[in-house]
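Read the structure below first, then the notes.
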Amino acid sequence: MSHHLKISDKMNCDVLLIGSGGAGLRCATEILEKKPESKIIAVTKVPHPQKSHTGAAQGGLAAVDHQDPVDQPIFHMFDTWKGSDCAADQNVIKKIINRGWEEIRRLERKGMHFTRELDGKFSRRPIGGHTLFFGQNPALRVIFEADRTGKGMLDTMWGEGIKKNMSFLSNCLVTEILFNNGRCTGAILFNQKKGEFYSVMAKATVFATGGTGQVFKITTNCKQNTGDAHSVILREGLPIMDPEAVQFHPTGLVGSGILASEALRGEGGIMRNKDLEPYMERYAPKMKDIAPRDIVARANETEIREGRGVLNPDHNVEHVWIDMRHLSDYVHDVKLGEVSSFFKKYMNIDPKKELCPVRPSVHYHMGGIPTNEFGEVQKNPAEIIPGLYAVGECACASLHGFNRLGANSILELITMGKYVGDSVAEYLSRDRSKSTLDVENKGERTLEQFSRYLEAKGNESLGQLRDKLRNTMTDKVGVFRKESELQEALDILEQLKVQAQKTVISTSSLVMNQEIVQRWELDNLIQVSQSIAFAALNRKESRGGHAREDFPERSDEYNYHSLVYSQDNGKMEIKKRSIDMSIFEEQGQNYDKFNIMPRQY
Numbered sequence: 002m003s004h005h006l007k008i009s010d011k012m013n014c015d016v017l018l019i020g021s022g023g024a025g026l027r028c029a030t031e032i033l034e035k036k037p038e039s040k041i042i043a044v045t046k047v048p049h050p051q052k053s054h055t056g057a058a059q060g061g062l063a064a065v066d067h068q069d070p071v072d073q074p075i076f077h078m079f080d081t082w083k084g085s086d087c088a089a090d091q092n093v094i095k096k097i098i099n100r101g102w103e104e105i106r107r108l109e110r111k112g113m114h115f116t117r118e119l120d121g122k123f124s125r126r127p128i129g130g131h132t133l134f135f136g137q138n139p140a141l142r143v144i145f146e147a148d149r150t151g152k153g154m155l156d157t158m159w160g161e162g163i164k165k166n167m168s169f170l171s172n173c174l175v176t177e178i179l180f181n182n183g184r185c186t187g188a189i190l191f192n193q194k195k196g197e198f199y200s201v202m203a204k205a206t207v208f209a210t211g212g213t214g215q216v217f218k219i220t221t222n223c224k225q226n227t228g229d230a231h232s233v234i235l236r237e238g239l240p241i242m243d244p245e246a247v248q249f250h251p252t253g254l255v256g257s258g259i260l261a262s263e264a265l266r267g268e269g270g271i272m273r274n275k276d277l278e279p280y281m282e283r284y285a286p287k288m289k290d291i292a293p294r295d296i297v298a299r300a301n302e303t304e305i306r307e308g309r310g311v312l313n314p315d316h317n318v319e320h321v322w323i324d325m326r327h328l329s330d331y332v333h334d335v336k337l338g339e340v341s342s343f344f345k346k347y348m349n350i351d352p353k354k355e356l357c358p359v360r361p362s363v364h365y366h367m368g369g370i371p372t373n374e375f376g377e378v379q380k381n382p383a384e385i386i387p388g389l390y391a392v393g394e395c396a397c398a399s400l401h402g403f404n405r406l407g408a409n410s411i412l413e414l415i416t417m418g419k420y421v422g423d424s425v426a427e428y429l430s431r432d433r434s435k436s437t438l439d440v441e442n443k444g445e446r447t448l449e450q451f452s453r454y455l456e457a458k459g460n461e462s463l464g465q466l467r468d469k470l471r472n473t474m475t476d477k478v479g480v481f482r483k484e485s486e487l488q489e490a491l492d493i494l495e496q497l498k499v500q501a502q503k504t505v506i507s508t509s510s511l512v513m514n515q516e517i518v519q520r521w522e523l524d525n526l527i528q529v530s531q532s533i534a535f536a537a538l539n540r541k542e543s544r545g546g547h548a549r550e551d552f553p554e555r556s557d558e559y560n561y562h563s564l565v566y567s568q569d570n571g572k573m574e575i576k577k578r579s580i581d582m583s584i585f586e587e588q589g590q591n592y593d594k595f596n597i598m599p600r601q602y
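Counting from 2, one number per residue, gives the positions in the sequence shown under the working numbering.
Structure follows, in structure tokens:
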């Protein structure tokens with residue numbers, strides 16, 4: 002079938018960067034600082050790198066100045082470990098948090114405008130789960146640029162890339178990875194705008210494609226976050242780690258799911274039910290509204306399920322309130338100007354005077370492509386894939402375990418971006434005299450896949466199948482999960498996989514053919530959804546963002562990372578990767594704080 006399609010162009014580079022958001026750009030800038038002669042091709046699915054999803058990050062990034070008279074990096078490490086529900090890797094926690102402050106100062110030197118107080122010091126805000134003295138008091142740890150921190154970061158690093166002569170390919174998808182003798186040697190790309198396939202040979206390939214939010218009906222993620230890299234990895238017989246670890250943000254706008262930043266609660270917003278009760282003290286007596294996200298999300302969902310929610314007449318869905326009426330005009334207009342305006346723009350609500358309706362919305366995927374602390378993609382816990390790296394939300398090192406603390410995401414982007422850049426630069430510097438950029442395949446799998454799409458017969462609706470998938474995941478693999486519903490979800494997904502083969506593409510032209518892109522995305526969504534549901538079914542405990550109603554307690558039996566593999570016959574299997582507990586095992590100062598602990602706030 003593949004004779005209908007062909008590879009239109011072949012390219013060569015030192016580094017192929019798949020994804021041009023915060024993590025990818027930071028990785029690239031570090032490579033170019035170490036090896037300025039490197040040729041980097043950066044690919045982005047969106048029309049321009051500045052449209053990457055990093056730009057949607059609002060609340061800020063957490064980091065501790067090593068000279069701070071009160072806060073200490075060890076407190077931040079503790080909060081991250083505890084927040085992860087004791088499932089993050091401690092070597093990664095230590096590495097990232099120790100580097101955070103240097104990265105903030107670097108961003109400022111490169112031109113980012115962090116918000117400051119009148120005395121010139123960085124403004125700081127509290128965010129859920131960040132504390133001082135190992136949980137005693139809330140910490141003012143989050144640095145920000147108003148409520149558009151991600152946008153400021155993205156623009157700053159994009160400017161760096163332009164100055165360093167990076168090449169950008171926009172509106173392009175990665176459809177296949179290329180290998181030679183077990184080493185990654187590039188990828189196949191599809192240019193949506195031109196309708197052409199490219200073969201790109203690269204000494205190093207870096208995935209930085211972001212999350213998987215579009216698997217669910219209600220999400221804070223952009224439309225492009227369809228788990229493309231995850232699916233490509235699974236098709237190659239490589240694993241995805243901890244796919245069951247999905248974060249539901251507690252405050253998504255009702256209907257759209259648009260993120261109402263955790264900064265709202267950090268600046269003093271209060272969660273209320275239909276009786277206007279400030280209910281978070283029942284779920285997190287000490288931290289209350291600034292408890293970690295998974296706890297607040299479950300609290301919000303519980304209030305709704307137990308009849309204390311409010312029915313929204315416009316969307317016919319129940320919700321809770323976030324109350325910001327008591328906050329100052331300065332907070333509304335300056336510190337949270339954009340987020341506050343979302344309620345006015347999308348819901349015709351004035352948050353200065355009215356309660357704002359919110360409910361949990363899928364926000365972040367703690368799981369992803371498994372890597373070691375250097376960003377090298379793992380075939381299994383003992384083997385890496387030479388030449389293949391992953392960084393950012395699509396990767397799982399794992400800093401976040403089963404629940405990410407607010408403001409740790411863009412911290413990870415810039416710190417792991419720097420470390421992966423170092424790793425790639427070192428890899429490029431090795432003696433490569435005997436290496437070759439030849440490949441074992443020439444993109445036949447991609448050409449056959451897209452040919453099948455064009456030649457399919459049937460009467461299934463692409464949009465209806467996608468809606469059914471997202472509704473299924475939302476209803477059966479949501480904030481609360483149980484065995485019967487997870488099994489039902491897997492059965493439905495298997496049916497959708499068969500039905501998807503009977504969807505017809507109405508035009509044979511590949512140029513700006515959104516039908517064929519969405520058909521390809523549907524395959525990706527199905528495969529990623531299956532990995533999430535399968536891993537969730539097999540993890541018979543509750544841990545962080547993975548809450549099983551039939552197994553409500555955390556179990557030491559599951560103190561490991563899940564590595565999910567997709568077999569050639571479509572079946573899935575799970576292997577295990579140990580959770581790194583090196584801070585505890587080294588028995589240094591305060592090591593006892595990094596043992597397995599009860600998670601109370």
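All C-beta atoms in this analysis are idealised placements derived from N, C-alpha and C, irrespective of residue type, glycine included.
Identity of the residues DSSP links to Ser168 by a beta bridge: Ile42
Helix, strand or coil at Gly187 according to DSSP, with G and I counted as helix: strand
Beta-bridge partners of Thr504, as assigned by DSSP: Glu461
So does the stretch 410-423 actually touch the stretch 18-36, counting three or more Cβ pairs closer than 8 Å? yes
Taking one C-beta from the stretch 254-268 and one from the stretch 223-237 each time, how about it: are there three or more such pairs within less than 8 Å? no
Would you call the stretch 38-57 and the stretch 238-251 touching, i.e. three or more CB-CB distances under 8 Å? no
Determine, using beta carbons only, whether Gly136 and Lys83 come nearer to each other than 9 Å. yes
With a cut-off of 8 Å, do at least 3 Cβ pairs link the stretch 175-182 to the stretch 442-452? yes
Looking only at its own chain, which residues have a Cβ that is under 6 Å from the Cβ of Asp295, when we skip the five neighbours before and after it? Asn404, Gly545 and Gly546
Identify whether Tyr607 lies in helix, strand or coil by the three-state DSSP scheme. This structure cannot speak to residue 607, because the chain is shown only from 2 to 602.
Reference Asn99; option with closest CA among Thr116, Ala63, Thr132 and Lys111: Ala63
When DSSP builds the beta bridges, which residues end up paired with Thr30? In DSSP, Thr30 forms no bridge with anything.
Between Gln590 and Cys87, what straight-line distance do the alpha-carbon atoms span, to the nearest angstrom? 19 Å
Between the alpha carbons of Asp596 and Pro139, how many angstroms are there, rounded? Here residue 596 is Asn; the residue named in the question, Asp, does not match the sequence. Computed Cα separation, rounded: 21 Å.
Exposed unless 16 or more other CB atoms sit within 10 angstroms - verdict on Arg471: buried
With DSSP collapsed to three states, give me the class of Asn525. helix
His114 versus Ser124 - alpha carbon distance: 11 Å
If you reduce the DSSP assignment to three classes, tell me which class Thr116 lands in. coil
How about Lys498 and Gly571: do their beta carbons lie closer than 9 Å? yes
Classify Ser563: buried if its beta carbon has 16 or more other beta carbons within 10 angstroms, exposed otherwise. buried
Met281 in three-state terms, based on DSSP: helix
DSSP has Asn181 in a bridge; who is on the other side? Arg184
Return helix, strand or coil for Ser436, following the three-state DSSP convention. A caution first: Ser436 carries a pLDDT of 44, below 50, which makes its placement in the model unreliable, though a value can still be read off. Ser436 falls in the coil class under three-state DSSP.
In terms of DSSP beta bridges, what is Trp322 paired with? Arg273 and Pro358
Could you tell me which residues DSSP puts in a beta bridge with Phe481? Ala548
At a cut of 8 Å, does the stretch 60-79 reach the stretch 372-383 through at least three beta carbon pairs? no
Inter-residue spacing [alpha-carbon to alpha-carbon] between Gly422 and Glu489: 42 Å
Can you name, in chain order, every residue of its own chain whose Cβ lies under 8 Å from the Cβ of Glu319, other than the five neighbours on each side? Ile305, Gly310, Val311, Leu312, Asn313 and Arg360
Alpha-carbon spacing of Met167 relative to Ser430, whole angstroms: 19 Å
Ignore the nearest five residues each way along the sequence and tell me which others in Arg273's own chain have a CB closer than 8 Å to its CB. Pro279, Tyr280, Val321, Trp322, Ile323, Asp324 and Leu356
Alpha carbon to alpha carbon, how far is Asn192 from Met202? Give it in angstroms, no decimals. 16 Å
Thinking Thr116 and Ala89 are a contact (beta carbons under 8 Å), I'd like their distance in whole angstroms, please. Not confirmed; about 29 Å, so no contact.
Based on DSSP bridge pairs, tell me the residues matched to Lys11. Ser200
What is the rounded straight-line gap between the Cα of Ser85 and the Cα of Leu406? 8 Å
In whole angstroms, what is the alpha-carbon distance linking Ile97 and Arg299? 28 Å
Could you say if the stretch 534-541 and the stretch 203-217 meet the contact criterion of at least three C-beta pairs nearer than 8 Å? no
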